[in-house]
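One structure is given here, and the rest of the page talks about it.
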Amino acid sequence: MKEIVVLSGKGGTGKTTIVASFAALAKNKVLCDCDVDAADLHLLLKPKMKETHEFRSGQTAIIDEKLCTSCGLCEEVCRFEAIKDYKPDPTACEGCGFCWRVCPENAITMEENLAGHWYISETKYGPLVHARLGIAQENSGKLVNVVRQNARSIGQKEGLEYIITDGPPGIGCPVISSLSGANLALLVTEPTLSGMHDLERVIGVCRHFGVPALVCINKYDLNEDNTCQIERYCLEQGIEVAAKLPFDNIVTESLINGIPVVEYCRGSIVQQLETLWSKISENKGGG
Amino acid sequence: MIISIASGKGGTGKTLVATSLALSLGKQVQILDCDVEEPNVHILLQPTIVQSKPVCILTPKVDKTKCDYCGECARVCAYNAIAVVKDIVLVFPELCHGCGACSYLCPEKVISEEGREIGVVETGYCGEIDFVQGRLNIGEAMAPPVIREVKQLINKTKTAIIDASPGTSCPVVEAVRDSDFCLLVTEPTPFGFHDLTLAVDMVKALGIPCGVVLNRAGSAYNRVEEYCSEKDIPLLMRIPLDMEIARLYSRGVTLVQGMPEWRDKFLELFHTIEQIVAEHRQVRT
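Chains A and B supply the protein sequences, listed in that same order.
Counting in this note's numbering, the first sequence runs from 124 upward without gaps.
Counting in this note's numbering, the second sequence runs from 32 upward without gaps.
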């Protein structure tokens with residue numbers, strides 16, 4: 124089984140649009156949405172939820188006002204500025220439990236967080252594992268791990284060939300959790316200075332974790348000088364530019380209609396996406 | 032006044048709005064790039080950097096000559112960042128949040144702490160605009176400590192504009208927390224709309240008033256407008272879908288520099304935000 128994760132560094136470069144198209148093009152796969160705090164893949168794949176699970180992770184300090192003598196030790200030891208005026212701020216608390224352990228009055232308890240939910244769904248394209256992190260919750264990296272593990276076990280059980288993962292933007296905790304141990308990363312960028320800067324950083328992360336990468340330049344005709352520069356940079360880095368997708372309003376139109384673009388129309392962008400998928404599926408991981 | 036710019040969905044134009052707002056104000060303004068995973072403000076503003084300071088989190092260092100391997104440190108660590116196996120203490124620095132519980136609670140007092148660099152905070156200026164940015168090192172997972180360091184440098188005598196990262200989880204909460212106002216930038220697509228609703232829930236949980244900037248406006252999709260009027264969220268600005276704006280951005284040119292007529296619109300946006308913040312303060316007192 125081959126695990127392909129789609130990342131970008133910069134947000135909004137087209138990860139989900141591309142993953143949804145792969146969902147329609149690839150056979151024998153499980154889909155996986157690892158952008159757990161702003162998951163959008165389900166908007167295109169229209170899943171029927173089969174299983175809903177609670178994601179319990181981390182703890183939050185609770186202070187019993189009746190027992191609290193306002194000594195202030197909790198506030199003093201907390202390094203996350205999560206206790207102000209003897210009241211914990213659940214959005215700042217990192218659940219370390221330091222305050223709970225030192226409170227001389229035993230006025231603090233640690234409560235487990237319901238930090239979100241994760242789902243196993245059926246789509247017309249195959250199984251989808253996805254999640255929703257609770258509002259202002261942490262531990263998105265752990266939720267990503269849960270989603271990936273479940274996608275893997277479905278893939279193994281059903282003898283599937285691919286895990287196709289829609290990753291989060293950035294380079295931090297949920298990206299690392301989505302990437303580490305995957306077989307191939309597809310990095311979607313755009314020919315803007317921001318897109319290029321962010322691509323370099325996400326290439327650095329792929330290298331750090333030893334995951335081979337391919338690049339796709341989306342809206343390449345927005346700035347062809349920048350596109351040339353990205354191609355040059357990738358050549359120097361030994362990374363293949365596997366596709367250059369043109370800007371096309373039909374993509375936005377397909378999104379608004381909630382249909383993966385490869386099923387919405389025929390045209391050059393669709394051919395490019397088909398070629399991209401065949402390159403990825405044939406890639407032996409040498410990137 | 033602290034104004035943060037967030038979005039839910041990535042690539043909707045946070046940095047475009049943050050930089051144009053700062054440039055329109057021109058002085059008595061500070062811009063803080065809290066998207067420490069992918070900071071982009073510097074690309075558009077080309078600031079002169081005058082200082083760079085490493086961000087370290089404190090991780091435990093066990094004096095093995097004095098440790099009696101009681102295992103208390105491993106028991107108190109909520110992040111499994113320290114393990115004691117027979118007469119070996121293992122520290123996993125990348126899991127450590129730097130809470131300090133292990134060193135404080137070690138019965139033998141043999142744990143000291145040493146800083147581990149996870150990023151940098153850079154300060155500088157662009158004309159009369161103060162510039163601060165955080166940058167997470169490649170391969171590091173924890174953005175919030177870097178964001179906290181950036182926010183330590185907020186100058187309360189000026190207007191502080193914070194550019195946040197996409198999403199709604201801990202790095203965004205850290206960036207947006209304690210703002211007087213949060214501007215949510217979105218686009219008229221089902222993704223933009225869906226992620227806007229998550230971002231609105233987040234700022235409401237933090238008790239911060241918010242307003243919306245609709246970027247790439249002009250399509251037939253009107254769920255964002257409907258939602259804003261249903262929820263009574265002010266729609267403060269529309270930036271049309273315009274290839275010229277996209278091309279300017281691709282070259283690193285800000286909207287107000289490429290199209291100076293936008294300056295007045297951003298000033299108007301700022302004054303509206305000032306009014307909303309003043310009203311919000313009155314309601315609270």
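We put the beta carbon where it would ideally sit given N, CA and C, even for glycine.
Can you list, in chain order, the residues of its chain with a C-beta nearer than 6 Å to that of residue i? Leave out the 5 residues immediately preceding and following it.
i: residue 354 of chain A; result: 364
i: residue 196 of chain A; result: 225
i: residue 82 of chain A; result: In this structure chain A extends from 124 to 410, so residue 82 of chain A is not present and cannot be described.
i: residue 222 of chain B; result: 40
i: residue 80 of chain B; result: 153 and 155
i: residue 151 of chain A; result: 283 and 284
i: residue 402 of chain A; result: 365
i: residue 231 of chain A; result: 184, 186, 222 and 223
i: residue 278 of chain A; result: 124, 153 and 286
i: residue 341 of chain A; result: 136, 137, 311, 313 and 368
So if DSSP puts residue i in a beta bridge, which residue, or which two residues, is it bridged to?
i: residue 155 of chain A; result: A:252 and A:288
i: residue 178 of chain A; result: A:239
i: residue 346 of chain A; result: According to DSSP, which records beta bridges pairwise, residue 346 of chain A is partnered with nothing at all.
i: residue 213 of chain B; result: B:35 and B:241
i: residue 165 of chain B; result: B:152
i: residue 271 of chain B; result: B:248
Identify whether residue i lies in helix, strand or coil by the three-state DSSP scheme.
i: residue 87 of chain B; result: strand
i: residue 141 of chain A; result: helix
i: residue 410 of chain A; result: Reliability fails at residue 410 of chain A, whose pLDDT of 41 lies under 50, so the model's placement of it is uncertain and no value is given.
i: residue 301 of chain B; result: helix
i: residue 244 of chain A; result: strand
i: residue 115 of chain B; result: strand
i: residue 265 of chain A; result: helix
i: residue 318 of chain A; result: helix
i: residue 370 of chain A; result: coil
i: residue 77 of chain B; result: coil
i: residue 263 of chain B; result: coil
i: residue 295 of chain A; result: coil
i: residue 205 of chain B; result: helix
i: residue 335 of chain A; result: coil
i: residue 136 of chain A; result: coil
Using the beta-carbon of each residue, which ones in chain B are nearer than 7 Å to residue i?
i: residue 133 of chain A; result: 41, 42 and 69
i: residue 296 of chain A; result: 172 and 173
Please return the same chain residues whose Cβ sits closer than 7 Å to the Cβ of residue i, not counting the five positions on each side in sequence.
i: residue 310 of chain B; result: none
i: residue 167 of chain B; result: 67, 68, 149, 150, 174 and 177
i: residue 406 of chain A; result: 307 and 337
Measure the C-alpha to C-alpha separation of residue i and residue j and round it to an integer number of angstroms.
i: residue 409 of chain A; j: residue 338 of chain A; result: Caution applies to residue 409 of chain A, whose pLDDT of 46 falls short of 50 and renders its modelled position unreliable; the model cannot decide the point.
i: residue 91 of chain A; j: residue 332 of chain A; result: There is no way to answer for residue 91 of chain A, as the model of chain A reaches only from 124 to 410.
i: residue 370 of chain A; j: residue 378 of chain A; result: 14 Å
i: residue 214 of chain B; j: residue 255 of chain A; result: 23 Å
i: residue 132 of chain A; j: residue 328 of chain A; result: 10 Å
i: residue 223 of chain A; j: residue 158 of chain B; result: 48 Å
i: residue 179 of chain B; j: residue 88 of chain B; result: 11 Å
i: residue 177 of chain B; j: residue 171 of chain B; result: 11 Å
i: residue 135 of chain A; j: residue 43 of chain B; result: 7 Å
i: residue 380 of chain A; j: residue 303 of chain A; result: 34 Å
i: residue 186 of chain B; j: residue 61 of chain B; result: 7 Å
i: residue 207 of chain A; j: residue 313 of chain A; result: 44 Å
i: residue 362 of chain A; j: residue 238 of chain B; result: 45 Å
i: residue 176 of chain A; j: residue 143 of chain A; result: 24 Å
i: residue 217 of chain B; j: residue 110 of chain B; result: 35 Å
i: residue 299 of chain B; j: residue 293 of chain B; result: 10 Å
i: residue 95 of chain B; j: residue 120 of chain B; result: 8 Å
i: residue 3 of chain B; j: residue 398 of chain A; result: Since the first residue of chain B shown is 32 and the last is 316, residue 3 of chain B is not available in this structure.
i: residue 345 of chain A; j: residue 359 of chain A; result: 23 Å
i: residue 215 of chain A; j: residue 262 of chain A; result: 13 Å
Residues in its own chain within less than 8 Å of residue i by CB, not counting five upstream and five downstream?
i: residue 258 of chain B; result: 224, 227, 228 and 264
i: residue 86 of chain B; result: 148, 149, 150, 151, 152, 165, 176, 177 and 180
Quick one: is the Cβ of residue i within less than 6 Å of any heavy atom of the ligand NAD?
i: residue 374 of chain A; result: For the structure depicted, the ligand NAD is absent and the ligand set is empty, with no information on it obtainable.
Which residues of chain A have a Cβ atom closer than 8 Å to the Cβ of residue i, listed in chain order?
i: residue 184 of chain B; result: Those within 8 Å of residue 184 of chain B in chain A number zero; the least Cβ separation is about 15 Å.
i: residue 229 of chain B; result: 160, 161 and 258
i: residue 249 of chain B; result: The premise fails here: residue 249 of chain B is roughly 11 Å from chain A at the closest Cβ pair, so nothing lies under 8 Å.
I want to verify the contact list: residues of chain A whose CB lies under 9 Å from the CB of residue i, in sequence order.
i: residue 90 of chain B; result: Result: empty, since nearest Cβ-Cβ is about 12 Å, beyond 9 Å.
i: residue 107 of chain B; result: 219, 220, 221 and 224
Anything in chain A within Cβ reach of residue i, meaning under 7 Å, just list it in chain order.
i: residue 204 of chain B; result: 214 and 259
i: residue 136 of chain B; result: 224
i: residue 158 of chain B; result: Chain A residues near residue 158 of chain B: none, gap ~20 Å exceeds 7 Å.
Going along chain B in order, which residues have a C-beta closer than 8 Å to the C-beta of residue i?
i: residue 328 of chain A; result: 169 and 170
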